[in-house]
């Protein structure tokens, strides 16, 4: 199974910028629909410019007037998905753990309040609904629009945070595709306000990758990531946005070796959106670390006398069964090489993993610790969900799919459920002041060593214990990545978080997923034989909108009644980026190695 929602912000190539002056032409003295012209321009193979103007995109977004009847339909449909399937709806009403930076939210009631606002344009309404769902700070839950989230806004400069020897924190330029000489200049002010305050405020109010403010702060800034077989620059949510910025430009006051200057950057939309590969790492070389095996979604390095494994759990292009088989077979081979070479200590670098394939996370846990049990989960049970659970469970081909009772093992018996009613169970919890029913707790039935029809090679018994492994992240280790980090932490594997604020421990991972889904995945399920027409109408969103949500919650093994999404788990230790380690992860690996066995 896959998690179905983790936002990947689209970055651009390190290239020269050409600023366009393109304006939609008039035909027969009538203005052409600007949205159509933007699409035509973006899709044209003859486009000479590389960016769209902020004002043109804004004009497109404001072209569609607000329709309250349509808005009511959207709100009511989102509410039905929340009430029927969103596993964390009622717990979100409770006071969060003191380690988290978010407010209790009764999402159903607050969605109703949105309809009392007076909007001029549809975009304003969609923006408010999306922002409200993001206040859950649940990286799996958000409303997205094909009409209004099709463009990424870029102003060409990204930043990072360093902690100086005296303990002070500075915001510095990580990369600048327009003026490379600005790299490593200190950012004093942003729009005439202290830079650190602006970034913290943005992380608090406009990011949703974590319930922990420190991790959200990291995601607002730039850092190196490994994925799809290469290094690239990740995060940068402050600099690369999928929501229309409030203003057309942004200003920075810089201190470059004692020389102060103020620059202004316009928000623009890159036409050719491709992943921005890192200019700081050449090929597979990382500092003085020696690459011994490249498994595409993982790399195995030796540095000094310890091993380092970079792992990406995120989805890749053409993610077929045979490709997953190939990936996991190579990961087995990489760990075997470590064992054959006598590597006694291993750092798992899981930084900047937005999620991806649950099976990979669960499999790596069992690869390193064969007797480990992965997190149990459950689903909401009510008049909306029961028809889907029962109908999918009637379909033989549904095994392995969401809701099919044979896709799970009972926590009580450690074996398959006898029938769908045993899976549904009768578990009642009080959350947010109301009683809520959930299915029996269950494990994903992924104990097989098969990927589709491919049998994975039997791994050898590896020599490492929890004292021989250290987990390193920058706090952005979500969903399937968190199934590795948070589960291994429960068997006392040390954890280290990089970045954040001075002397403030923060979460090393979040959203250890049970399952995530979306309205798009449910659309074909609405055609199942015994799903009645009233349910179909209640769950049908406009085709341009998709609502993503946490479908199943996961529970701690160590504390069986603790829901992992609301478990505050600060890392055991904290490291900080500096001008060198921000671009050379091997510097962090050497620092992390000091914590083996602690």
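Numbering (mature numbering (1 follows the signal peptide of the UniProt record, and there is no 0)), first residue to last: -20 to -1, 1 to 578. Backbone N, C-alpha and C fix where the C-beta goes; we use that ideal spot for every residue, glycine too.
In the three-state DSSP reduction, residue 401 falls in the helix class (H, G or I).
Counting along the chain, the unbroken alpha helix (DSSP H) around residue 64 starts and ends at 48 to 65.
Fewer than three pairs of CB atoms, one per stretch, sit closer than 8 Å, so the segment 385 to 392 makes no contact with the segment 449 to 469.
Annotated three-state conformation of residue 165 is coil, per DSSP. When the alpha-carbon of residue 466 is set against those of 482, 151, 449 and 492, the nearest one is in 492. In the assembly as shown, residue 549 is a buried residue. Its beta-carbon has 16 or more other beta-carbons within 10 Å.
Assignment of residue 137 by DSSP, reduced to helix, strand and coil, places it in the strand class. Assigned with DSSP and collapsed to three states, residue 475 falls in strand.
DSSP, read as helix, strand or coil, puts residue 551 in coil. For residue 424, the three-state secondary structure derived from DSSP is strand. Look at residue 108 here: in three-state DSSP terms it is helix.
One thing to note: residue 333 has its Cβ within 9 Å of the Cβ of residue 207. Cα atoms of residue 409 and residue 503: separation of roughly 29 Å, rounded to the nearest angstrom.
DSSP places residue 181 within a helical segment (H, G or I) once states are collapsed to three. In this structure, DSSP gives residue 202 an extended state, which the three-state scheme calls strand. CA-CA distance, residue 403 to residue 174, rounds to 54 Å. Nearest neighbour of residue 78 by Cα position, chosen from 203, 485 and 372, turns out to be 485. Here the alpha carbons of residue 531 and residue 552 stand approximately 30 Å from one another. Within 10 angstroms of the beta-carbon of residue 302 lie fewer than 16 other beta-carbons, which makes it exposed. The DSSP-derived three-state label of residue 533 is strand. Shown here, residue 467 sits in a helix according to DSSP, grouped into three states. Here residue 136 is not near residue 170, since their CB atoms are 9 Å or more apart. Beta-bridge partners of residue 498 (DSSP): 528. Annotation: residue 576 to residue 444 spans about 12 Å, alpha carbon to alpha carbon. The C-alpha of residue 269 lies about 10 Å from the C-alpha of residue 280. Beta-bridge partners of residue 220 (DSSP): 134. Around residue 275, the same chain offers 307, 310, 311, 313 and 314 as residues with beta carbons nearer than 8 Å, after the five sequence neighbours per side are excluded.
For residue 88, the CB contacts under 8 Å within the same chain, skipping 5 residues up- and downstream, are 59, 62, 63 and 69 in chain order. Cβ-Cβ separation between residue 200 and residue 188: approximately 11 Å, too far for a contact (criterion under 8 Å). When C-beta atoms of the segment 321 to 341 are compared with those of the segment 450 to 457, three or more pairs fall below 8 Å, so the two segments count as touching.
When beta bridges are read from the DSSP output, residue 566 appears opposite no residue.
In the structure shown, residue 483 adopts coil according to DSSP, grouped into three states.
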